[in-house]
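Residues 61 to 421 (my numbering) are what the sequence shown spells out, left to right.
Don't be surprised by glycine CBs; every beta carbon is placed ideally from N, CA and C.
Keep in mind that this is a model prediction, so the values were computed, not measured.
All remarks here apply to the structure that follows.
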Amino acid sequence: MAHNSLLEKLESLRLKFEEVEQQITDPEIIADQKRFVQLNKEYKELQHIVEAYHTYKNILDNITSTKEMLAEENDAEMREMAKDELDELQDRVPELEEDIKLLLIPKDPQDSKNAILEIRAGTGGDEASLFAGELYRMYVKYCEHRNWRISMTSSTEGTQGGYKEIIANVTGDGVYGVLKYESGVHRVQRVPQTETQGRVHTSAATVAVLPEAEEFDIELNMSDVRKDTYCSSGPGGQSVNTTYSAIRLTHTPTGIVVTCQDEKSQLKNLDKAMKELRSRLYSLEYEKHLNEISSQRKTMVSTGDRSAKIRTYNYPQGRVTDHRINLTLYNLPAILDGDLNEIINKLIVEENAERLKASDL
């Protein structure tokens with residue numbers, strides 16, 4: 061893209077940024093919470109673009125002034141200094157333009173949301189449940205590295221340990237935009253503890269990551285929701301088994317059922333369950349969008365089709381392979397300890413390249 065064309069686009073976005081900046085101080089808009097929240101998100105996105113625009117324009121202006129100085133300057137030492145500065149400025153332009161183009165690609169509005177993480181044991185019986193538990197531990201560790209908060213909503217333990225199913229809320233900065241790459245089937249290849257002849261078995265667990273819907277995202281008619289209370293089960297002290305603190309919500313029109321027993325307080329469990337119910341209803345529509353883009357982007361195939369095999373963890377070889385981008389790493393212990401950055405960063409780079417190719421920038 062030519063400098064002038066890119067500058068024109070950036071200048072129009074700068075004007076838009078100033079317009080949004082004015083709007084978010086308008087008392088009428090502040091009173092309309094839904095509109096105010098949307099404008100704040102738009103403001104933050106435009107702010108990054110405008111900051112890059114000022115940097116880019118400053119470099120282009122410096123290139124122009126340096127060229128003018130070279131045309132007029134006769135002193136050899138000054139000319140040499142100007143040439144060095146010009147080379148340095150011109151080297152920065154292509155990289156900065158690529159960064160700006162990525163900023164200009166329309167972002168998925170869900171990326172900034174919190175997420176609901178679901179892990180379910182698949183084929184492999186007890187071994188699959190154990191693996192599901194190890195995946196959950198991996199995500200807990202990863203969330204700690206990212207300073208995100210992860211809290212379990214509900215779980216069903218496996219007979220030999222691990223989990224048949226576990227659901228958790230993850231909150232933090234841009235959680236869904238990162239964790240969405242984890243949706244799909246994760247396979248493990250190893251010798252189970254119960255295997256007497258040392259044969260390697262393959263088991264699987266399914267991971268699903270949903271964007272957490274905010275109250276403004278979906279209108280939920282409470283007359284469509286049946287609420288049941290019951291005693292929680294599992295660890296947590298005497299009060300867990302004697303008070304009706306656990307919540308079950310059933311959305312009659314869709315048949316969606318959500319449970320939460322993580323908190324001792326019924327009100328806290330209800331709040332968590334309502335968030336999950338809103339998110340599941342919201343995801344019914346969002347799923348259609350994912351199915352549309354999954355055919356175009358190999359990095360997103362897992363979110364469009366959650367039955368897709370995305371990653372294999374091979375214990376005998378200490379290997380982890382992400383099948384979407386043919387990436388193989390030989391640091392299995394570190395990855396299971398939450399070191400997912402290299403895999404996720406490469407998936408983000410691959411998706412950005414695909415989005416840039418599909419755009420007209």
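- Beta-bridge annotation (DSSP): Pro271 is paired with Ala175.
- Shown here, Glu155 sits in a helix according to DSSP, grouped into three states.
- Shown here, Leu387 sits in a strand according to DSSP, grouped into three states.
- Rounded to the nearest whole angstrom, the CA to CA distance from Ile278 to Arg247 is 35 Å.
- Here the C-alpha atom of Leu130 lies approximately 14 Å from the C-alpha atom of Asp121.
- Residue pairing from DSSP places Gln249 in a beta bridge opposite Thr262 and Asn374.
- Membership of Ile316 in the beta strand (DSSP E) is indicated by the continuous run Ile316 to Cys320.
- The C-beta distance from His114 to Leu163 rounds to 13 Å, too long to fall under 8 Å, and the pair is not in contact.
- Annotated three-state conformation of Leu190 is helix, per DSSP.
- Taking C-alpha positions only, Thr262 is separated from Asn174 by approximately 32 Å.
- According to the DSSP secondary-structure assignment, Lys94 is paired through a beta bridge with no residue.
- Rounded to whole angstroms, Lys406 and Glu137 show a C-alpha spacing of 45 Å.
- Pairing Glu194 with Leu396 gives a Cβ-Cβ distance under 8 Å.
- DSSP places Glu133 outside both helix and strand once states are collapsed to three, so it counts as coil.
- Under the DSSP definition of a beta bridge, Asn229 partners with Ile176 and Ser211.
- For Lys224, the secondary structure class from DSSP, reduced to helix, strand or coil, is strand.
- Rounded to the nearest whole angstrom, the CA to CA distance from Lys167 to Lys324 is 39 Å.
- Spanning the alpha carbons of Thr310 and Val318 requires a straight line of approximately 7 Å.
- If you draw a 10 Å sphere on the C-beta of Ile90, you find fewer than 16 other C-beta atoms in it, and that means exposed.
- Rounded to the nearest angstrom, the gap between the Cα atoms of Arg139 and Ile404 is 46 Å.
- Distance from Val80 to Tyr103 at the Cβ level is roughly 5 Å; contact confirmed, criterion being Cβ atoms closer than 8 Å.
- In this structure, Pro313 is the residue among Asn134, Ile226, Ile385 and Pro313 with its C-alpha nearest to the C-alpha of Val285.
- Taken through DSSP and simplified to helix, strand or coil, Thr115 comes out as helix.
- Rounded to the nearest whole angstrom, the C-alpha separation of Glu128 and Gln150 is 15 Å.
- Three or more Cβ pairs drawn from the segment 170-189 and the segment 223-236 lie within less than 8 Å of each other, which places the two stretches in contact.
- Boundaries of the beta strand (DSSP E) around Ile307: Ala306 to His311.
- Our two residues, Cys203 and Ile160, have alpha carbons roughly 29 Å apart in a direct line.
- Within the same chain, Asp186 and Ser189 come within 8 Å of Thr219 by CB-CB distance, once the 5 residues on both sides are set aside.
- Note that the C-beta distance between Arg152 and Ile119 is below 8 Å.
- The Cβ atoms of Ser243 and Ala268 sit closer than 8 Å to each other.
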